[in-house]
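Under this note's numbering, the first residue of the sequence shown is numbered 3, with each subsequent residue one higher.
Cβ atoms here follow ideal geometry from the backbone N, Cα and C, with glycine treated the same way.
Single-structure report; data block below.
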Amino acid sequence: MLPYGRQSITADDIAAVAAVLESDWLTTGPQVDLFERAIAERVGAAQAVSVTSGTAALHVAYAAIGVGPGDEVVTTPLTFVATAATAALLGAKIVFADVDPATGNLDPQAARAAVTPRTKAVAAVDYAGNPVEARAFRELADEHGLAFLEDAAHSVGSTLEDRPVGSLADVTCFSFFPTKNMTTAEGGAVVTSDEGLALRARAFKNHGLVREPERLRHKHVGGWHQEVHSFGLNYRLPDVLCALGVSQLARLDQFVARRATIKARYDEAFADLDEVRLPQVTAGAAPAWHLYPVRVPPERRRNVFDRLRADGIGVQVNYIPAYWHPVFEDLGYRRGLCPHAEAYYASEISLPMFPALTDAQVDQVIEAFRRAMG
Ligand SMILES: *Cc1c(COP(=O)(O)O)cnc(C)c1O
């Protein structure tokens, strides 16, 4: 089965990891700093905080924003459930706003209509790698004193008006899961240019521990002394995996270019299919395509999906609207809440999209899709 996404690992990646395995540091060591500095520089942010997953990145980011009980977080339903779940775990109420039917990204107008005096953050997702309309979310956040969080699990390597994703929002969360645009096996990062937010993020991912002498409440206790000033967790990304990240990041441009080529081949091959809607791009965006989402008539989606799977094409559906999950159903969220997101989901199929796809495999996908639609 041809998967919908997979990692690209080279001998250089393996050598980078092996070198760390033979060094003094398996976890928090020099590779963590190297990786964090490389990510921050690449995405145009002052600070990158590495963590153990994209989910951890979201949890850390919401915690650093100060999301808690009584707060509301406005977000999109067309996402992996972690975008909402991590804020819900901190006690926030999740307010789902609808997507733009063209791109599947959170619609800034719908988000604006969902804001109340209790809204603490707006969390938008760069669906499929296509950046959200950051300017509109920036204005909304500034007007209401909210945090603008960008879930960029799909979009490391994307740009909007020549600015990299990572420099657009107050805080941006990346995932380095193997299917994403680059990988550390499991891993993620929180990036921001807000030094206070970065400091709180670093504390939360490391038990809330404080060690700097000038920040200690109880001073001059002894060389062993450290303090917890707020509760945190252990979300530290090990040196072994940061080394893989440094090595992968050096090939991000190549990955993005190959994804763009595959996207263009699909676009061309399906341009004559009247029943099919191809992915749309935000004005001014140059996406790093994590997914290739096609939309087919909803009454045909199940059949086309099954035929492709039967043909050895490992298609996927992204995403079940987040509030359809029973955990949200049990909280009283009902179907029909965000009709555009539900319609998008009902017609969506993600075709294989990853840099190691050969031209012959792309042709295989094209033929199988055209057969399934025939
Ligand atoms: C993958 C993903 C996450 C979670 O990332 P993990 O590294 O798998 O924990 C969060 N949000 C979106 C949109 C994702 O695609």
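{"Item": "Rounded straight-line distance, which links the Cα of T88 to that of T161", "Value": "26 Å"}
{"Item": "DSSP state of C175 mapped onto helix, strand, coil", "Value": "strand"}
{"Item": "Cα-Cα separation, L199 to A245", "Value": "25 Å"}
{"Item": "N305 CB to nearest heavy atom of ligand 2 below 8 Å", "Value": "This structure lacks ligand 2; its bound ligands are ligand 1."}
{"Item": "Check whether Y268 and L170 have beta carbons under 9 Å apart", "Value": "no"}
{"Item": "Same chain, Cβ closer than 6 Å to P180, five either side skipped, listed in chain order", "Value": "Q9"}
{"Item": "9 Å Cβ cutoff met for N183 and T284", "Value": "no"}
{"Item": "Straight-line Cα distance separating T85 from E135", "Value": "18 Å"}
{"Item": "Distance, E216 Cα to D241 Cα", "Value": "27 Å"}
{"Item": "Exposed unless 16 or more other CB atoms sit within 10 angstroms - verdict on N208", "Value": "buried"}
{"Item": "Rounded C-alpha distance that separates F98 from V329", "Value": "14 Å"}
{"Item": "Residue environment, Q318, which counts as buried when at least 16 other CB atoms sit within 10 Å", "Value": "buried"}
{"Item": "For K95, the first and last residue of its enclosing alpha helix (DSSP H)", "Value": "No alpha helix (DSSP H) holds K95; the beta strand (DSSP E) holding it covers K95 to F98."}
{"Item": "Enclosing alpha helix (DSSP H) for K265 [first to last residue]", "Value": "L254 to F272"}
{"Item": "Expected contact under 8 Å - CB spacing of S232 and G247 to nearest Å", "Value": "Rounded, the Cβ-Cβ distance is 27 Å, inconsistent with contact."}
{"Item": "Beta carbon of Y346 nearer than 9 Å to that of R297", "Value": "yes"}
{"Item": "Near ligand 1: V127 beta-carbon under 8 Å from a heavy atom", "Value": "yes"}
{"Item": "Segment contact flag, the stretch 222-229 with the stretch 12-23, C-beta cutoff 8 Å, min 3 pairs", "Value": "no"}
{"Item": "M375 to E277 span [Cα, whole Å]", "Value": "9 Å"}
{"Item": "Segment contact flag, the stretch 183-193 with the stretch 32-42, C-beta cutoff 8 Å, min 3 pairs", "Value": "yes"}
{"Item": "Residue of E197, D361 and T30 minimising C-alpha distance to A66", "Value": "E197"}
{"Item": "Given F150 as reference, the closest of E163, H156, N305 and D128 once Cα atoms are compared", "Value": "D128"}
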